[in-house]
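When the count follows the working numbering, it moves up by one through the sequence shown with no breaks and lands on 336 for the last residue.
In this text, a Cβ means the ideal position worked out from N, Cα and C, and glycines have one as well.
Below is one structure, written out as structure tokens, with a few remarks after it.
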Amino acid sequence: MSESTEMQIQPGTQTDVPASDGIDRRGFLKCMAWAGTGLVWTFAGGVPTSRVFGEPMKPSAQSDFTFVQISDSHIGFNKPANADVTATLQAALSRIDAAPGAPDFLIHTGDLTHSSKPAEFDTLDQILTSHRQVLYVPGEHDTSVDDGKIYLERYGKGTKGSGWYSFDHKGVHFIGLVNVVQLEGMGKLGQAQLAWLKQDLHNVKSSVPIVLFAHIPLWAVYPEWGWGTSDSEQAFAMLKRFGSVTVLNGHIHQVMQKVEGQVVFHTAMSTAFPQPAPGSAPSPGPMKVPADRLQNVLGITNVSFVAQRRELAIVDATLSGTTAEHRETPA
Ligand SMILES: [Zn+2]
């Protein structure tokens, strides 16, 4: 975990920063348009949607750093929805390597494996950790077999409880949360983790951008399918005073986003297989698409940060190089 970094606030940039109360969302979103030529933000019901023309993966020259979120690798899965999840994870990494400007690190938002088997973790490690820094949180597929014992042995060094932690990087405070251990239909953080979070945020200034990441969505994407976290409101009550909060989740294997006040919620695609849109099938689960379409529904999420504006821009790219379809959370 890196040392705490103090944010350099430039005189005159204060007006670019959304206030934590009475935020002008449109003004805020205009600020997000920095992200370079070819990236266009459109607005649908207050939700920012990014589209990239030309080179989807090119990080902005103006960004201070970028990181990449990958999710739901499900190493060990071998059903018709994707008979070679190792190959598609490798394809995702090739995309990242092919982009100009290396990300500072990767975040994996869980379901590293399909069945928590040591051999599955071994395969993931061979592909991922040999040549880059990766920060993890577990998915329920990584913890449900053995209560997360193997996961914690391998990836839990320096973490608390079932694997939660925080770190600072170039003026941004990152918090990795675990909401897959006390599953009760939906995800749950639990009192011990919430108490730790309160303590963790205590010394963080309200002007510091927060990036929160966890496996199951931390907002009510579709509670009927368990796509939400039952006690996440308690966490967001603690985050109210912060001017910029970005929430990155996985688990649902598709891009969904929502803006609520100063909080941007976003889920990433899987590198393994897609799932149906909320309510569009009898139940969630692996969705088989025609083989030539699979690369269009798997992908990664690039996040760029500009310190002066204290803004994060999120761009989703599929394995085939197109920009991902974006969906709003259903009402
Ligand atoms: Zn999951």
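- Excluding residues up to 5 positions away in sequence, Ser76, Asp77, Thr114, Gly115, His220, Ala273 lie with their Cβ nearer than 6 Å to the Cβ of Gly255 in the same chain.
- Of the candidates Ile132, Ser120, Pro289, Gln313, the residue whose Cα lies closest to the Cα of Ala92 is Ile132.
- Phe179 is bridged by DSSP to Phe172, Val216.
- For secondary structure counted as the beta strand (DSSP E) over 3 or more consecutive residues, the segment 243 to 306 holds these complete runs in sequence order: 250 to 254, 261 to 265, 268 to 272.
- By the neighbour-count criterion, in which 16 or more other beta carbons inside 10 Å mark a residue as buried, Gly284 falls on the exposed side.
- Taking each of Val264, Gly304, Gln187 in turn and checking the Cα distance to Phe278, the smallest one comes out for Gly304.
- Note that the segment 314 to 325 touches the segment 249 to 268; at least 3 beta-carbon pairs, one per stretch, sit closer than 8 Å.
- Between the alpha carbons of Pro222 and Thr234 lies a gap of roughly 7 Å.
- The chain-ordered list of residues whose CB is nearer than 6 Å to some heavy atom of ligand 1 reads Asp116, Gly144, Glu145, His146, His220, His256.
- Taken atom to atom, the span from the alpha-carbon of Gln198 to that of Gly161 is near 15 Å.
- Under DSSP, the beta-bridge partners assigned to Thr118 are Ile80.
- Residue environment: Glu158 is assigned as exposed (fewer than 16 neighbouring CB atoms within 10 Å of its CB, all protein chains considered).
- Between the alpha carbons of His119 and Ser211 lies a distance of about 38 Å.
- In the DSSP assignment, Leu111 forms a beta bridge with Val73, Val139.
- Per DSSP, Asp152 is not a residue of any alpha helix (DSSP H), being assigned neither H nor E.
- Secondary structure of Leu324 (DSSP, three-state): coil.
- By the neighbour-count definition (other C-beta atoms within 10 Å, threshold 16), Ala107 is an exposed residue.
- With fewer than 16 other beta carbons inside 10 angstroms of its own, Glu229 counts as exposed.
- Here Ile221 carries a coil assignment [DSSP, helix/strand/coil].
- Taking 8 Å as the cut-off, the Cβ atoms of Val142 and Ile101 do not count as close.
- The beta-carbon distance between Leu217 and Ile257, rounded to whole angstroms, is 17 Å. This is too long to meet the 8 Å contact definition.
- Remark: C-beta atoms of Val213 and Gly266 do not approach each other more closely than 8 Å.
- Val308 has Phe72, Ile319 as its beta-bridge partners, per DSSP.
- The Cβ atoms of His178 and Asp109 do not sit closer than 8 Å to each other.
- In the structure shown, Thr134 falls within a coil segment according to DSSP collapsed to helix, strand and coil.
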